[in-house]
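Q: Numbering (the working numbering), first residue to last: 9 to 393.
(1) With 16 as the cutoff for other CB atoms within 10 Å, does residue 217 come out buried or exposed?
(2) Report back the beta-carbon spacing between residue 250 and residue 358 to the nearest angstrom; my notes put them in contact at under 8 Å.
(3) Output needed for residue 354: all residues of its chain with C-beta closer than 6 Å, excluding positions within five of it in sequence on either side, in chain order.
(4) Tell me which same chain residues have a C-beta within less than 6 Å of the C-beta of residue 377, skipping the five on either side of it?
(5) Can you name, in chain order, every residue of its own chain whose Cβ lies under 6 Å from the Cβ of residue 72, other than the five neighbours on each side?
(6) Please say whether residue 127 and residue 179 have beta carbons closer to each other than 8 Å?
(7) Of all the options 285, 18, 344 and 263, which has the alpha carbon lying nearest to the alpha carbon of residue 177?
(8) Once you ignore the five residues that flank residue 334 on each side, which residues in its own chain have a CB closer than 6 Å to its CB?
(9) With a CB to CB cut of under 6 Å and the five nearest residues on each side skipped, what residues in its chain are close to residue 299?
(10) Could you tell me the alpha carbon to alpha carbon distance between residue 394 and residue 283, rounded to whole angstroms?
(11) Measure the alpha-carbon distance for residue 319 versus residue 181 and round it to whole angstroms.
(12) Relative to the alpha-carbon of residue 394, which residue among 207, 155, 212 and 60 has its alpha-carbon at the smallest distance?
(13) Check this for me: beta carbons of residue 111 and residue 175, under 8 Å apart or not?
(14) Are residue 261 and residue 286 close, meaning C-beta to C-beta below 8 Å?
(15) Report the three-state DSSP secondary structure of residue 127 (helix, strand or coil).
(16) For residue 43, which of 270, 347 and 70 has the nearest alpha-carbon?
(17) DSSP beta-bridge partners for residue 140?
(18) Counting beta carbon pairs with one atom in the stretch 84-101 and one in the stretch 311-318, are three or more of them shorter than 8 Å?
(19) Under the three-state reduction of DSSP, which class applies to residue 80: helix, strand or coil?
(20) How many Å lie between residue 308 and residue 301 at the Cα?
(21) Do you know whose CA, among 316, 208 and 183, lies nearest residue 98's CA?
(22) Pick out the complete beta strand (DSSP E) segments inside the stretch 329-363, 3 residues or longer, and give them in chain order.
(23) Between 186, 23, 107 and 63, which lies nearest to residue 77 when the distance is taken from Cα to Cα?
(24) Just mark residue 361 as buried or exposed, buried being the case when its beta carbon has 16 or more other beta carbons within 10 Å.
(25) DSSP puts residue 16 in a beta bridge; with which residues?
(26) Under the DSSP definition of a beta bridge, which residues are partnered with residue 134?
(27) Can you tell me whether residue 123 is buried or exposed, with buried defined as 16 or more other CB within 10 angstroms of its CB?
(28) Distance, Cα to Cα, residue 208 vs residue 356?
(29) Find out if the Cβ-Cβ distance for the pair residue 36, residue 68 is shorter than 8 Å.
(30) What does residue 179 pair with, by DSSP beta-bridge criteria?
(31) Buried or exposed for residue 224, please, with buried defined as at least 16 other CB atoms from any protein chain shown within 10 angstroms of its CB.
(32) Could you spell out where the alpha helix (DSSP H) holding residue 168 opens and where it closes?
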């Protein structure tokens, strides 16, 4: 049996077969004399897995691949890194991109800084003295990176104090200091998860961020929206993002009621139309920005939608008569009555979605891991942030 390596280099890839051979060659040269392995976590739909296997056959160090097929790619790039951390043969792991923008020549320096002691995470930073973000390319991408970094540091001033580049994808982490079960990756900035969910000692080394050689950038507007939502979840908790979506839905609901009643529609029918519209919109937003980390283990999309839609309609069937009672008996305006009943419904919706709609399909390993415990843990996590 082969002894455990000293370090595992985790490389998440997606449709990047041209980069595999040169990347493995550069990693092999950089880590010459060290016990190391390369672990590709591959989400490709092309021939990248076959190319990794071909390169592994003649590589100068062990090369493994963990292929995640369609339907098993929870968490995107962040989920791939988390899967790699769990499967790594070494306790010391280095995460780097597979597009050759992260220079493998820095691998020894990351290890040397870690071996000096006193740190759990070592980051390769574009923004310390000696670093360079030229590989970002356009001024727009540089500006987006800078603004994202500033916003992230502002939201975690204590835990990211002294970290110049929390958005980097090139870093070393001591796996023994990370609670992998607590990570909730979503998108392409997995490093945020580690300091945000625990107190870790960090250090940085400068990095010159190279230009992309092959493949295309995974950063899109959709990924950007997912990043902002994930940042909000880390800072404020799941319930707060749920509340923001609910508040936006409430504003839309009130606006629809106002618009339809202004056009002469009876307020009850206007409330029904507003409720159906916002029920569907809220579900889609919650899927994307609140429960993205839970839906992979929950029932299928249409079952989740049907359960959510049914519950919200039952809730609306109770809420709308209550609103009518408030208008007809208590003489409250229809708009104010709508706002009050929506506020009352918020907590019930959050609890139901957390416990029922996104309940894992397989029973928990421990009897104490009940839905109620999960809700209390979420609330406790939010209080602790």
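Ideal Cβ positions, reconstructed from N, Cα and C, are used throughout, including at glycine. Given the structure is predicted, the values throughout are model-derived calculations rather than measurements.
A: Let me spell this out:
(1) By 1-based counting over the chain shown, the position of residue 217 is 209. Buried, because 16 or more other Cβ atoms sit within 10 Å of the Cβ of residue 217.
(2) Residue numbering aside, residue 250 sits at position 242 when the chain shown is read from its first letter. Residue numbering aside, residue 358 sits at position 350 when the chain shown is read from its first letter. So it is a contact: roughly 5 Å between Cβ atoms.
(3) Start at 1 with the first residue of the chain shown, and residue 354 comes out as number 346. Correct list, in chain order: 254.
(4) Locating residue 377 in the chain shown gives position 369, where the first residue counts as 1. Only weak support is given to the placement of residue 377: the predicted model assigns it a pLDDT of 44, under 50, and the question is left unresolved by the model.
(5) Against the chain shown, residue 72 aligns to sequence position 64. Result list for residue 72: 47, in chain order.
(6) By 1-based counting over the chain shown, the position of residue 179 is 171. By 1-based counting over the chain shown, the position of residue 127 is 119. Residue 179 places its beta carbon 8 Å or farther from that of residue 127.
(7) Taking the chain shown and counting its residues from 1, the one referred to as residue 177 is at position 169. Of 285, 18, 344 and 263, the residue nearest in Cα terms is 18.
(8) Walking along the chain shown from the start, residue 334 turns up at place 326. The beta carbon of residue 334 is closer than 6 Å to those of 340 and 345 in its chain, skipping five residues each way along the sequence.
(9) The count along the chain shown starts at 1 and reaches residue 299 at position 291. Counting only Cβ-Cβ distances below 6 Å, and skipping sequence neighbours, we find 366.
(10) Any question about residue 394 goes unanswered here, given that the chain covers just 9 to 393.
(11) Residue 319 sits at position 311 when you count from the first residue of the chain shown. Residue 181 sits at position 173 when you count from the first residue of the chain shown. Looking at the two C-alpha atoms, the distance is approximately 43 Å.
(12) The chain is shown only over 9 to 393; residue 394 falls outside these bounds and no answer can be derived.
(13) In the chain shown, residue 111 corresponds to position 103, counting from 1. In the chain shown, residue 175 corresponds to position 167, counting from 1. Taking 8 Å as the Cβ cut-off, residue 111 and residue 175 do not qualify as a contacting pair.
(14) Numbered from its first residue, the chain shown carries residue 261 at position 253. Numbered from its first residue, the chain shown carries residue 286 at position 278. For residue 261 and residue 286, yes; Cβs fall inside 8 Å.
(15) In the chain shown, residue 127 corresponds to position 119, counting from 1. It is coil, neither helix nor strand.
(16) Position 35 of the chain shown, counted from the first residue, corresponds to residue 43. Looking at the Cα atoms, 70 is the closest of the given residues.
(17) The sequence position of residue 140 within the chain shown is 132, counting from 1. Looking at the DSSP assignment, residue 140 forms a beta bridge with 216.
(18) In short, these stretches do not touch, since the Cβ pair count stays below three.
(19) For this step, residue 80 is matched to residue 72 along the chain shown. The answer is coil: DSSP assigns residue 80 none of H, G, I, E or B.
(20) The residue labelled residue 308 in the question sits at position 300 within the chain shown. The residue labelled residue 301 in the question sits at position 293 within the chain shown. Counting only the Cα atoms, residue 301 lies some 14 Å from residue 308.
(21) As a first step, residue 98 is located in the chain shown; it is residue number 90 there, counting from the start. Of 316, 208 and 183, the residue nearest in Cα terms is 183.
(22) The beta strand (DSSP E) runs of length 3 or more contained entirely in the stretch 329-363 do not exist; there are none.
(23) Taking the chain shown and counting its residues from 1, the one referred to as residue 77 is at position 69. Of the candidates 186, 23, 107 and 63, the one whose C-alpha sits nearest the C-alpha of residue 77 is 23.
(24) Locating residue 361 in the chain shown gives position 353, counting from the first residue. Result: buried.
(25) Counting from one through the chain shown, the residue named residue 16 turns up at place 8. DSSP output for residue 16 lists 45 and 101 as bridge partner(s).
(26) Start at 1 with the first residue of the chain shown, and residue 134 comes out as number 126. In DSSP, residue 134 forms no bridge with anything.
(27) Residue 123 sits at position 115 when you count from the first residue of the chain shown. Residue 123 comes out exposed.
(28) As a working mapping, residue 208 is identified with position 200 in the chain shown. As a working mapping, residue 356 is identified with position 348 in the chain shown. Approximately 36 Å, taken between the alpha carbons.
(29) Here the question's residue 36 lines up with position 28 in the chain shown. Here the question's residue 68 lines up with position 60 in the chain shown. Yes, Cβ-Cβ distance for residue 36 and residue 68 is below 8 Å.
(30) Here residue 179 refers to the residue found at position 171 of the chain shown. Beta-bridge pairing links residue 179 to 103 and 131.
(31) One-based indexing of the chain shown puts residue 224 at position 216. Unreliable placement is indicated for residue 224, whose pLDDT of 49 sits below 50; the coordinate value is still reported in the next sentence. When all chains shown are included, residue 224 counts as exposed.
(32) Here residue 168 is taken as the residue at index 160 of the chain shown, counted from 1. That residue, residue 168, is in no alpha helix (DSSP H); it is neither H nor E in DSSP.
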